[in-house]
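Rendered as structure tokens:
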């Protein structure tokens with residue numbers, strides 16, 4: 009008789025082992041989340057009934073299944089794995105094999121090491137009539153945890169800038185609020201003010217809660233002031 013693992017304990021072990029790996033990379037732990045777990049379980053059960061093994065085997069993307077399960081995502085990722093052995097699996101051994109497989113695969117390892125995810129959902133399903141197990145691991149950062157920062161321009165002229173790879177412009181006496189799922193970089197292209205001034209490119213880390221104030225100094229140049237207090 010093949011060894012039958014305790015599936016709920018194996019699922020918990022996958023989360024535990026994933027967090028041990030994240031901690032080794034100085035990353036925050038991810039916590040089990042009901043909607044992500046529901047999405048993972050539904051898809052694991054589906055994959056256990058079909059010969060197709062892919063992230064879109066049911067005709068939907070991972071984010072579509074996650075939303076359908078009631079999770080409002082800011083960012084998400086999905087790992088899939090299957091293990092088969094006629095001898096069966098000990099509970100923790102099955103979990104270890106799943107996680108080790110992901111660690112050895114660059115795309116899956118990248119998901120394990122995502123720095124800004126905060127939640128996870130894990131499910132394992134046994135293929136009927138076979139000693140084969142399917143595992144689905146989901147990662148998420150909820151929409152409620154979006155990063156937000158603000159740009160205020162009182163410098164007397166429009167300023168070109170880019171944020172998260174997108175070129176934009178802020179007019180004078182204008183406030184623009186940005187939200188993003190991950191911290192990034194905001195780059196300002198500041199035009200010269202005085203005759204001897206030179207154009208400058210100023211790069212700032214786009215951090216949550218920061219306010220970037222564009223003001224004109226005595227020299228006539230536009231300067232970037234960073235604070236955490238928006239203008240009233």
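In the working numbering, the protein residues as written are 9 to 240. Backbone N, C-alpha and C fix where the C-beta goes; we use that ideal spot for every residue, glycine too.
Beta-carbon proximity list for residue i, same chain, < 8 Å, skipping 5 on both sides
{"i": "residue 216", "result": "155, 156, 157, 191"}
{"i": "residue 86", "result": "63, 70, 119, 144, 145, 146, 147"}
{"i": "residue 39", "result": "126, 127, 128"}
{"i": "residue 181", "result": "161, 162"}
{"i": "residue 202", "result": "The predicted model places residue 202 with a pLDDT of 48, which falls under 50 and marks its position as unreliable; any figure quoted below should be read in that light. Once the five neighbours on either side are set aside, the close Cβ partners of residue 202 are 227, 228, 229."}
{"i": "residue 238", "result": "158, 160, 183, 219"}
{"i": "residue 74", "result": "43, 44, 47, 81, 84, 146, 148"}
{"i": "residue 54", "result": "65, 66"}
{"i": "residue 153", "result": "82, 126"}
{"i": "residue 256", "result": "Nothing in the structure corresponds to residue 256, since the chain is present only between 9 and 240."}
Distance between beta carbons of residue j and residue i, contact taken as under 8 Å
{"i": "residue 128", "j": "residue 233", "result": "Actually they do not touch by this definition, with Cβ atoms about 39 Å apart."}
{"i": "residue 65", "j": "residue 133", "result": "Between residue 133 and residue 65 the Cβ distance is about 13 Å, and since that is not below 8 Å, they are no contact."}
{"i": "residue 47", "j": "residue 77", "result": "4 Å"}
{"i": "residue 195", "j": "residue 235", "result": "With a Cβ gap of about 19 Å, residue 195 and residue 235 do not count as contacting."}
{"i": "residue 81", "j": "residue 166", "result": "With 8 Å as the limit, residue 81 and residue 166 do not qualify as a contact, their Cβ atoms being about 34 Å apart."}
{"i": "residue 175", "j": "residue 139", "result": "Going by Cβ atoms, the distance from residue 175 to residue 139 rounds to 55 Å, so no, they are not a contact pair."}
Cβ neighbours of residue i in the same chain (closer than 6 Å, five flanking residues each side left out)
{"i": "residue 221", "result": "160, 233"}
{"i": "residue 43", "result": "77, 78, 79"}
{"i": "residue 164", "result": "180, 224"}
{"i": "residue 168", "result": "177, 197"}
{"i": "residue 14", "result": "99"}
Counted within 10 angstroms of its Cβ, other Cβ atoms place residue i as buried (16 or more) or exposed
{"i": "residue 11", "result": "exposed"}
{"i": "residue 149", "result": "buried"}
{"i": "residue 28", "result": "exposed"}
{"i": "residue 61", "result": "exposed"}
{"i": "residue 142", "result": "buried"}
{"i": "residue 187", "result": "exposed"}
{"i": "residue 209", "result": "exposed"}
{"i": "residue 37", "result": "exposed"}
{"i": "residue 33", "result": "exposed"}
{"i": "residue 89", "result": "buried"}
{"i": "residue 214", "result": "buried"}
Distance cut-off 7 Å: residue i Cβ against heavy atoms of the ligand HEM
{"i": "residue 67", "result": "This structure lacks the ligand HEM; in fact it carries no ligand of any kind."}
Beta-carbon contacts of residue i that lie in its chain and below 7 Å, excluding the five residues immediately before and after
{"i": "residue 17", "result": "99"}
{"i": "residue 117", "result": "110, 111"}
{"i": "residue 95", "result": "10, 11"}
{"i": "residue 122", "result": "85, 147"}
{"i": "residue 58", "result": "65"}
{"i": "residue 25", "result": "103, 104, 107"}
Examine the Cβ distances between the segment 105 to 114 and the segment 17 to 29 and report whether three or more of them are shorter than 8 Å.
-> Between the segment 105 to 114 and the segment 17 to 29, the count of Cβ pairs shorter than 8 Å is three or higher; the stretches touch.
Alpha helix (DSSP H) runs wholly inside the segment 37 to 96, at least 4 long, in chain order | 42 to 55, 70 to 76
Whole runs of the alpha helix (DSSP H) within the segment 92 to 165, excluding any shorter than 4 residues | List check, alpha helix (DSSP H) in window: 99 to 112, 114 to 120.
Residue ranges of each beta strand (DSSP E) run of no fewer than 3 residues wholly in the segment 210 to 234, ordered along the chain?
-> 219 to 224
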